[in-house]
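Read the structure below first, then the notes.
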Amino acid sequence: MNILCIIPARGGSKRLKDKNIIPFFGKPIIAYAIEAALQSHMVNKIVISTDDEKIARVAMKYDVQVVKRPKEYSTDTAPIEQALRHVVRLLKGEEGYLADIVVWLQANIPIRKKGQIDQVLREMIRKDADSAVTVYPVSQYPQWMKRMDKKGLLSPFLKNVKTYRAQDVKPMYLLDGAIVAMKRNVLMRSENRSGVHTFLGKRMVGIIQEDRKYSIEVDDGDDLNLARYYFKR
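In our numbering, the protein residues as written are -19 to 213.
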């Protein structure tokens, strides 16, 4: 089985300059995602998709393949799945490599549980799912949320809510982006479909994070300080 890991990493971050290669305890932050992929016993190809030469130079030090991301897939508004599909097509066309499963790791998440990539993959395969993702439980629920109009007046986000007590609400989870695995055919066939996370298919398995530290995405200085705190724990 061909399992491809793609680590997309754009340059030109606005809130935190060079966030994907910012120093983090002696290494560029992207190094932690690369090392996690290298430690997997199931991933057999690793590709960094980037539009940035500095990121490419860092990646090449770790002996992983670098793919130049086209400008149209490198904008602030370009969906990440476009970059994933670009890599899949390029590898098939230039190398004859056809992935069965695609693993997406975010470059700016430095703390991952050891062995969790393989755990996610095994769960996906065992349950014959379209995708498998890491998630974390939320403590704030849509039932409690309000919309605000231009006059500052609030109205319920959800209609016909019958309970507001936390103990009466079923657990809810957010995708944290730490590890996302999907069938290649599900990714490719969803190209012209609209909606949230359509590229993950209909049958999605969730792997609950044991600790919130595994879900820290570094986008600004506060995130960076939080990640540093948890990394030293």
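The beta carbon of each residue, even a glycine, is placed where N, CA and C say it ideally should be.
Once you ignore the five residues that flank residue i on each side, which residues in its own chain have a CB closer than 8 angstroms to its CB?
i, result
"LYS34", "GLY(-9), ASP(-2) and ILE1"
"MET40", "VAL46"
"HIS21", "ASP98"
From residue i to residue j, what does the alpha carbon distance come to, in whole angstroms?
i, j, result
"VAL82", "ILE(-14)", "7 angstroms"
"ALA58", "PRO50", "11 angstroms"
"ILE26", "VAL44", "6 angstroms"
"ASP156", "ASN88", "12 angstroms"
"THR114", "PRO90", "15 angstroms"
"LEU70", "PRO3", "31 angstroms"
"VAL100", "SER170", "21 angstroms"
"PRO(-12)", "ILE10", "10 angstroms"
"LEU154", "ASN24", "28 angstroms"
"ALA158", "ALA79", "20 angstroms"
"GLN147", "VAL185", "24 angstroms"
"ALA109", "LYS163", "8 angstroms"
"ARG65", "ASP191", "31 angstroms"
"GLY73", "SER54", "21 angstroms"
"LYS107", "VAL141", "33 angstroms"
Less than 6 angstroms between C-beta atoms, sequence neighbours within five positions excluded: which residues of the same chain meet that for residue i?
i, result
"GLU61", "PHE179"
"ALA36", "THR30 and VAL46"
"SER135", "ARG127"
"LYS193", "ILE91 and TYR210"
Can you name the residues that DSSP bridges to residue i?
i, result
"THR114", "ILE187"
"ALA161", "VAL83 and ALA112"
"SER135", "ARG127"
"TYR194", "TYR194 is not bridged to any residue."
"LEU167", "The partner list for LEU167 (beta bridge, DSSP) is empty, contrary to what the question assumes."
"ILE(-13)", "ILE28"
Leaving aside the five residues before and after residue i along the sequence, list all residues of the same chain whose C-beta is less than 7 angstroms from its C-beta, in chain order.
i, result
"VAL67", "ILE(-14), VAL27, SER29 and VAL47"
Taking the alpha-carbon of residue i as reference, which of the options has the nearest alpha-carbon?
i, options, result
"ASN165", "ALA207, LEU154, GLY181 and TRP84", "GLY181"
"ARG183", "SER170, GLY76 and ALA112", "ALA112"
"ILE188", "ARG92, TYR77, MET(-19) and ASN172", "ARG92"
"LEU85", "VAL160, ASP202 and ARG102", "VAL160"
"LEU(-4)", "GLU197, LYS212 and ARG213", "GLU197"
"MET(-19)", "ILE105, VAL176, ASP56 and LYS212", "ILE105"
"VAL118", "LEU167, SER195, GLU75 and GLU103", "SER195"
"ASP200", "ILE(-17), SER(-7) and LEU(-16)", "SER(-7)"
Of all Cβ atoms in chain D, is any one closer than 8 angstroms to the Cβ of residue i?
i, result
"LEU204", "Absence of chain D from the displayed structure is noted, only one protein chain being present."
At a threshold of 7 angstroms, does residue i count as lining the ligand SAH (C-beta to nearest heavy atom)?
i, result
"PRO3", "For the structure depicted, the ligand SAH is absent and the ligand set is empty, with no information on it obtainable."
Could you name each continuous alpha helix (DSSP H) segment of 4 residues or more that falls completely within the stretch 19 to 92, going from the start of the chain to the end? Qualifying alpha helix (DSSP H) stretches, in chain order: 33 to 40 and 60 to 75.
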